[in-house]
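Report on the following structure.
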Amino acid sequence: LDYVRTVKLIGNEMDMTKVDLGSVLPSAMVMSVSVTGSTTSGEPLSNQDLELTTLACDEVLKLNQIKHEVLLPYVSSQISTIAPNVSALIGSGTAALVLGIAGGLSALSKIP
């Protein structure tokens, strides 16, 4: 998501000193992106490509918002049925995240 926010913020700006990346990136990454952007000899996107890129960034951010508003609460509410022991140990929200990272209950059971 940092990448999407950064792309949206930079847009077609060729002078990286005019872009305040501190609002979307940690300071170490701001320096890296600024140096890379300043030394790259890229060309600005056409207006149509920039508009499509901005729309794609908006869609990704909207999907992430929906994930946090709808999907995670639903999974958290169902996790106590799917994995009651894990849910009791670490909480339903964390258990849902662990199951997602592990790749499911079967994959989690195989992790030592």
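Start counting the sequence shown at 6; every next residue gets the next number (the working numbering).
Ideal Cβ placement from N, Cα and C applies to all residues, glycine included.
Residue burial classification, residue i (beta-carbon count within 10 angstroms, cutoff 16)
i	result
Ser97	buried
Ser92	buried
Val116	A small fix is needed here, since residue 116 is Ile in this sequence, not Val. It counts as exposed.
Three-state secondary structure (DSSP) of residue i
i	result
Lys72	helix
Asp20	coil
Glu56	helix
Ser85	helix
Limits of the alpha helix (DSSP H) - the one that residue i falls within
i	result
Leu30	Where Leu30 is concerned, there is no enclosing alpha helix (DSSP H), given that its DSSP letter is neither H nor E.
Ser114	Leu110 to Ser114
Lys105	According to the sequence shown, residue 105 is Gly rather than Lys. Residues Ser97 to Ala107.
Residue i vs residue j beta-carbon contact at 9 Å
i	j	result
Gly122	Thr59	Nothing can be reported for residue 122, as the shown portion of the chain is limited to 6 through 117.
Leu113	Leu102	no
Gly47	Val24	no
Residues near residue i by beta carbon distance below 8 Å, same chain, minus five either side
i	result
Val29	Asp7, Arg10, Thr11 and Leu14
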